[in-house]
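**Q** In my numbering, the protein residues as written are 950 to 1046.
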Amino acid sequence: MNALEEIKEKINEHESFLKDRFKVKSIGIFGSYLRGEQDDKSDIDILVEFSDTIDLFEFIRLENFLSEILDRKVDLVMKDTLKPRIKERILEDAVYI
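(1) With respect to the alpha helix (DSSP H) encompassing leucine 967, which residues constitute its N-terminal and C-terminal limits?
(2) When the distance is taken between beta carbons, is leucine 996 closer than 7 Å to glycine 980?
(3) Determine the extent of the alpha helix (DSSP H) in which aspartate 1042 is found, giving its start and end residues.
(4) Hey, quick one: how far does the beta strand (DSSP E) through isoleucine 995 stretch, first residue to last?
(5) Measuring CB atoms only, is the stretch 990-1007 touching the stretch 964-977, in the sense that at least three cross pairs come out at less than 8 Å?
(6) Is aspartate 1024 helix, strand or coil when you go by DSSP?
(7) Using the Cβ count rule (16 or more neighbours within 10 Å means buried), how would you classify isoleucine 1035?
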């Protein structure tokens, strides 16, 4: 199993918890792990969309939770806060789980 498949599997194992606890509507992966270009120093770039508003503390808790279950630093990005100059590329490349 490759790294991307392992990430998908681990996130899928916690799908209900992510939806119930953190109001996750959709979650996707982009960046080096998606392209298979990661190395030992790479973080996992995750794109998230919420079904309801969450505060900064919940966002940080989610980022920490994902880092814990994936055993790697996660860079969590909200879909609706992407900067216009990179938004299109990220949305085209992202693979949703």
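We put the CB at the ideal spot given by N, CA and C, even for glycine.
**A** Reading it off the structure:
(1) Per DSSP, leucine 967 belongs to the alpha helix (DSSP H) from 964-971.
(2) Not a contact, by the Cβ cut-off of 7 Å.
(3) Here the alpha helix (DSSP H) through aspartate 1042 covers 1033-1042.
(4) Isoleucine 995 -> beta strand (DSSP E) spans 993-999.
(5) When Cβ pairs closer than 8 Å are counted between the two stretches, the stretch 990-1007 is seen to touch the stretch 964-977, the count reaching three or more.
(6) Strand, per DSSP.
(7) By the neighbour-count definition (other C-beta atoms within 10 Å, threshold 16), isoleucine 1035 is an exposed residue.
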